[in-house]
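The structure appears below as structure tokens.
There are 4 protein chains.
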Amino acid sequence: MDIEELQKKVIEFRDARDWAQYHNPKDLTISLSLEVAELLEIFQWKDAQEVEATKSDPDERRRVKEELGDILIYALNMCRAFGFDPSEVIIEKLKINEKKYPVEKAKGSARKYTET
Amino acid sequence: MDIEELQKKVIEFRDARDWAQYHNPKDLTISLSLEVAELLEIFQWKDAQEVEATKSDPDERRRVKEELGDILIYALNMCRAFGFDPSEVIIEKLKINEKKYPVEKAKGSARKYTET
Amino acid sequence: MDIEELQKKVIEFRDARDWAQYHNPKDLTISLSLEVAELLEIFQWKDAQEVEATKSDPDERRRVKEELGDILIYALNMCRAFGFDPSEVIIEKLKINEKKYPVEKAKGSARKYTET
Amino acid sequence: MDIEELQKKVIEFRDARDWAQYHNPKDLTISLSLEVAELLEIFQWKDAQEVEATKSDPDERRRVKEELGDILIYALNMCRAFGFDPSEVIIEKLKINEKKYPVEKAKGSARKYTET
Chain A
60 MDIEELQKKV IEFRDARDWA QYHNPKDLTI SLSLEVAELL EIFQWKDAQE
110 VEATKSDPDE RRRVKEELGD ILIYALNMCR AFGFDPSEVI IEKLKINEKK
160 YPVEKAKGSA RKYTET
Chain B
60 MDIEELQKKV IEFRDARDWA QYHNPKDLTI SLSLEVAELL EIFQWKDAQE
110 VEATKSDPDE RRRVKEELGD ILIYALNMCR AFGFDPSEVI IEKLKINEKK
160 YPVEKAKGSA RKYTET
Chain C
60 MDIEELQKKV IEFRDARDWA QYHNPKDLTI SLSLEVAELL EIFQWKDAQE
110 VEATKSDPDE RRRVKEELGD ILIYALNMCR AFGFDPSEVI IEKLKINEKK
160 YPVEKAKGSA RKYTET
Chain D
60 MDIEELQKKV IEFRDARDWA QYHNPKDLTI SLSLEVAELL EIFQWKDAQE
110 VEATKSDPDE RRRVKEELGD ILIYALNMCR AFGFDPSEVI IEKLKINEKK
160 YPVEKAKGSA RKYTET
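Protein chains in written order, with this note's numbering: chain A, 60 to 175; chain B, 60 to 175; chain C, 60 to 175; chain D, 60 to 175.
In structure tokens:
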């Protein structure tokens with residue numbers, strides 16, 4: 060589905076509740092931070108194998124899906140607060156990252172590359 | 060633009076660099092957490108008026124846009140790691156939130172409503 | 060009370076439960092992150108006046124105290140994982156900060172100073 | 060060293076710069092969140108073996124020590140903002156945790172115990 064169409068639904072949800080008044084950038088970002096913490100909690104204390112196993116556990120999948128939903132919804136609300144087109148936000152950042160991590164240097168060595 | 064089309068571009072970027080091997084859910088979520096922290100840093104120590112002023116400051120707008128880009132990109136990578144359709148993730152969470160925050164109860168009182 | 064004495068109590072608590080095996084630095088830091096999120100949740104959506112009011116609300120004070128307790132406990136566990144003396148950790152960082160923020164430059168202008 | 064003595068040094072640092080005016084609980088907690096993110100960044104993309112190796116790498120140890128210093132300093136500033144005695148904050152939370160995680164139930168099974 061069109062990301063602008065999805066954002067429109069998110070904003071309709073917000074406006075039906077008169078919540079634009081609370082959606083200042085600082086509190087929206089705090090909300091993003093809290094939703095990411097809820098996602099992180101799912102993987103806390105889990106080793107690599109247990110983390111991988113969440114992908115095939117129906118209950119964990121449902122939790123991950125819900126938290127990702129909240130993160131995407133708050134990110135689209137934040138785009139709206141600044142009047143950004145979400146497609147443009149993603150496309151432009153991919154272009155910046157293309158320059159920051161050129162394929163020939165970054166291939167297969169994310170960690171070492173980012174450290175230098 | 061179609062969110063699935065945007066996700067495809069994100070995954071092409073990842074695969075051109077052989078980065079799927081690093082994209083386990085725990086580290087992807089840590090990455091989301093770090094990007095949200097970079098966004099939050101923009102609003103640290105700012106009062107309500109200064110937060111509002113970021114919306115019309117070209118330099119702050121550019122920073123917010125870039126951090127939002129990273130957050131959306133990691134969220135789409137995370138959807139991919141679990142095989143979720145991003146549109147579905149958003150639509151389903153909006154439905155859950157509709158029940159959690161019915162318009163008649165939530166209208167204009169986000170804070171009090173969430174506290175009870 | 061002596062911070063090393065407090066750390067000793069924290070480690071006794073950990074060892075009585077055989078929890079050292081879980082206390083790798085990555086998961087301890089994730090735990091710190093989640094506890095800070097719980098603290099941050101108390102101030103989410105609150106304006107300056109409401110934030111100030113938490114200081115005199117018995118229930119909010121109790122929540123803040125508990126979350127701060129968890130943060131300090133995890134920080135002391137993390138010091139232990141690296142064999143750091145907690146007093147030294149604080150004293151040394153204060154010295155670094157003294158150089159980074161000299162009184163004559165930083166006085167009364169935290170924000171502007173940090174931005175330049 | 061006495062934790063109250065350490066807190067006194069932290070507050071002297073703050074007051075020499077007239078920074079109490081910025082130290083509202085919401086921004087102090089945001090600062091804690093950003094410092095924890097800097098600590099978390101050290102362990103991002105690292106597997107269990109690489110995380111363990113940070114303990115004996117002089118450069119990583121120095122970074123961890125500095126970030127832990129900032130976290131402890133902000134936590135002590137936050138205690139001050141609410142007039143809490145730091146020793147009491149830790150001791151009281153350990154007592155709460157004693158009840159929440161009784162030795163006979165929690166021993167050697169942190170994960171399963173916390174999930175139920």
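By construction, the Cβ of each residue, glycine as well, lies at the ideal position given by its N, Cα and C atoms.
I think residue i touches residue j, with their Cβ atoms under 8 Å apart; what is that distance to the nearest whole Å?
i: W104 (chain A); j: D86 (chain C); result: 5 Å
i: L135 (chain B); j: L65 (chain B); result: 7 Å
i: L98 (chain A); j: V123 (chain A); result: 7 Å
i: D61 (chain B); j: D74 (chain A); result: Not confirmed; about 24 Å, so no contact.
i: V69 (chain D); j: L153 (chain C); result: 7 Å
Taking the alpha helix (DSSP H) that residue i belongs to, which residues open and close that run?
i: D129 (chain C); result: 117-140
i: T88 (chain B); result: 84-102
Would you identify the three-state DSSP class for residue i, choosing helix, strand or coil?
i: D144 (chain A); result: coil
i: D61 (chain A); result: strand
i: P161 (chain B); result: coil
i: N156 (chain C); result: helix
i: R73 (chain B); result: helix
i: T175 (chain D); result: Summary for T175 (chain D): the model assigns pLDDT 42, below 50, so the residue's position carries little reliability; its value from the coordinates is reported in the next sentence. Here T175 (chain D) sits in coil by DSSP.
i: K105 (chain A); result: coil
i: K166 (chain D); result: coil
Quick check: the Cα distance between residue i and residue j, rounded to an integer number of angstroms?
i: T113 (chain B); j: S92 (chain A); result: 19 Å
i: T88 (chain B); j: C138 (chain C); result: 24 Å
i: F72 (chain A); j: D144 (chain B); result: 21 Å
i: K67 (chain C); j: A140 (chain C); result: 13 Å
i: I130 (chain B); j: E163 (chain D); result: 42 Å
i: K184 (chain C); j: N156 (chain A); result: Nothing in the structure corresponds to residue 184 (chain C), since chain C is present only between 60 and 175.
i: I132 (chain C); j: K158 (chain D); result: 16 Å
i: E125 (chain A); j: I149 (chain C); result: 39 Å
i: R120 (chain D); j: V110 (chain D); result: 11 Å
i: Y160 (chain A); j: Y81 (chain B); result: 15 Å
i: D116 (chain C); j: A79 (chain B); result: 48 Å
i: A58 (chain D); j: I101 (chain A); result: What is shown of chain D runs 60 to 175, which leaves residue 58 (chain D) out entirely.
i: E147 (chain A); j: E63 (chain B); result: 14 Å
i: E151 (chain D); j: G142 (chain D); result: 15 Å
i: N83 (chain A); j: S90 (chain A); result: 11 Å
i: S168 (chain C); j: S168 (chain B); result: 36 Å
i: R76 (chain B); j: R76 (chain A); result: 43 Å
Compute the minimum distance between the beta carbon of residue i and the heavy atoms of the ligand NAD, and state whether it is under 7 Å.
i: E125 (chain B); result: For the structure depicted, the ligand NAD is absent and the ligand set is empty, with no information on it obtainable.
Subject >> the segment 147-159 of chain C: positions lying closer than 8 Å to chain E by Cβ >> reply: Although the question refers to chain E, the structure presented lacks it and instead comprises the protein chains A, B, C and D.
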